[in-house]
Structure formats: C-alpha cells, structure tokens
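Comments concern the structure below.
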Amino acid sequence: MEGGANMEHLGIKTVIGAMFFVLMLGGMAVAKETTIGVIVVDVQGDFTKFKNGSLAVEGTDEAYVKRVEDQTKKLKEAGFPIFATQDWHPAKHLSFFSNHPGKKAFDVVKLHGKDQVLWPPHCVQNTPGAEILLDKKLFAATVKKGIDPQFDSYSGFQDDGGKKTDMDKLLKGKKTKTVVVYGIATDYCVKATALDAAAAGYKVIFIKNLSRGVAPDTSQKSIEEMKAKGVVVFDDLNLEKIKAL
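Counting in our numbering, the sequence shown runs from 14 upward without gaps.
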C-alpha cells in the first residue's frame, strides 16, 4: 500500500511538472508575439536629395536613407512586422501640374471640392523615382497609394476620395495594436498616415529624427496636430520605450 501511494504521489508530481513545463512554453510563445507594427512612409527616390528627386525634401541625403534603413533593420530584428508605403502614380495623375495646362508647380486648384496642391510629376509607376530606397527584404508588405489618377493619396490607409488601401487589414492580420510611423514627409504623408492610424484605433508612435518635412513651420504644426490626436512623439528610436507603451 505504501509503495502504491508513493508511486501515485510520484505520478501526480510528474503530471504537475509536465503541465508547468507546457505552461512555461506557452508563456514563452506569447512573449515572442508582438502587437507592434511599423510603417515606413515613402522613402522613395523622387522624395530624396540622395537621388536628386523631382520633389526632394531637405535633409534626405544618402546618410539619412542609410540611417532609416539601419534603424528599420533593428525593428525587424526585434520581431516587429514592417510595412512600407509607396507613392505609385500614373503619368496622368491629376495632382501633377503638367496635367493642368497653364498651371505651374505648387499652384492650388479645386479638385472634387477640395484644395489640391499641384505637384511636379513624381513617383510615376515603373520609374526609378518611384523605387523604395530601402532593402525590400525588410518589409512584410508594401502598400501602394496614389494609384487612382483622380485622387491624391497622402495617407497609407486611404486616398483623398476615401478608397481604402490594404494597410488596416495587413496590420490587423499581425494583431497589431501599436504602430510606429516615420519617413517622408512629416507634414504630408507621414502626418496623414499617423492620423489615420490613430483614427482607426491604433496607438501611434511618431519617430521625429527618422522623418523629414517639407518645411520647418508646417512640420512643427503637423507634429502638434498629431499630438492633439493622441500620437506619441519620440525624438529618436528607442526600443525599450516603444515596448513599454
């Protein structure tokens, strides 16, 4: 009887130990999952001084592009899914001044009842200026925008006509709760993407020093707009601070 009791006791301890081990493994698996996603906005040739782009933003030299790539690699190594946005315009896009006879770059016209800045032709489909300058292997997916010739598209989530991209679906597919956003340009596509992410219910972190704006005053105003909508602004990439939010 005593031997049987000891064997029964040993069996219970073995079962409990096995259950504990399984729970520990499960905990480790959960710990490896992340609810943080990253959106790298429009780091493309035509927006950079590095490539003498047609709509190049100040401060976008080769060193900037390399820094963005290096920091993006750190985020990927940390296990965060990375998504790129890519301006991808047809040549006849209505945001191009060249498609409005008598108009010049940066004139403002009314399109579909809204003010529209007329831009130099940029990021035309299948041209070098439309190419993303970062290592393509960094990205889980690339979301193209500005495809409809009738509507501009600053945000990575939708165009100015309200047509949605796949961005929200891609983020939800990775169970994303927090989105880190940076790129070009702070006062246009980065801001629009960050604000739409916040409106969609994500916690949003904007990385200032991995972004570049068209103008200092509009960039600062855009940062204040983002803050007012709950976007958290970090000067630099800090993995521990991102994970702690």
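Glycine included, every Cβ here is placed at the ideal spot set by N, Cα and C.
Apart from the five residues just before and just after cysteine 202, which ones in its own chain have a Cβ nearer than 6 Å to its Cβ? In its chain, beyond the 5 residues on either side, Val54, Asp55 and Tyr167 have a beta carbon closer than 6 Å to the beta carbon of cysteine 202.
Alpha-carbon to alpha-carbon, tyrosine 77 and leucine 223: Within the model, the alpha-carbon separation for leucine 223 versus tyrosine 77 is close to 8 Å.
Proximity winner among Trp101, Ile145, Phe119 and Asp120, relative to valine 137 (alpha-carbon distances): Ranking the options by Cα distance to valine 137, first place goes to Trp101.
How is lysine 177 classed by DSSP in three states: helix, strand or coil? Three-state result, lysine 177: strand.
Proline 134 versus Lys204, Asp172 and His113, residue with shortest Cα-Cα distance: Of the residues Lys204, Asp172 and His113, the one whose Cα lies closest to the Cα of proline 134 is His113.
When the Cβ atoms of the segment 110-130 are set against those of the segment 146-156, are three or more pairs found closer than 8 Å? No, the segment 110-130 is not in contact with the segment 146-156.
Could you check the C-alpha separation between serine 232 and glycine 226 for me, to the nearest Å? Taking C-alpha positions only, serine 232 is separated from glycine 226 by approximately 5 Å.
Cα separation between lysine 123 and serine 108? Serine 108 has its alpha-carbon roughly 11 Å from the corresponding atom of lysine 123.
In three-state DSSP terms, what is leucine 124? Here leucine 124 sits in strand by DSSP.
Below 7 Å between beta carbons: does that hold for phenylalanine 93 and valine 51? For the 7 Å CB-CB criterion, phenylalanine 93 and valine 51 form a contact.
Check whether the Cβ atoms of valine 193 and isoleucine 160 lie closer than 7 Å to each other. No; because the gap between Cβ atoms is not below 7 Å, this pair is not in contact.
In chain order, what residues of the same chain have a beta carbon less than 8 Å from the beta carbon of valine 43, not counting five sequence neighbours either side? A caution first: valine 43 carries a pLDDT of 37, below 50, which makes its placement in the model unreliable, though a value can still be read off. Hits under 8 Å: none found.
Since lysine 221 contacts aspartate 248 with CB under 8 Å, what's their CB separation in whole angstroms? About 5 Å separates the two Cβ atoms, so the contact holds.
Residues bridged to alanine 154 (per DSSP): Paired residue(s): Phe96.
Compute the Euclidean distance between the alpha carbons of threonine 47 and leucine 252, then round it to the nearest angstrom. For the pair threonine 47 and leucine 252, the Cα-to-Cα distance works out to about 13 Å.
Close-in-space but distant-in-sequence residues of the same chain around threonine 155 (CB under 6 Å, 5 per side omitted): Closer than 6 Å at Cβ, skipping near neighbours: Ala97 and Gln99.
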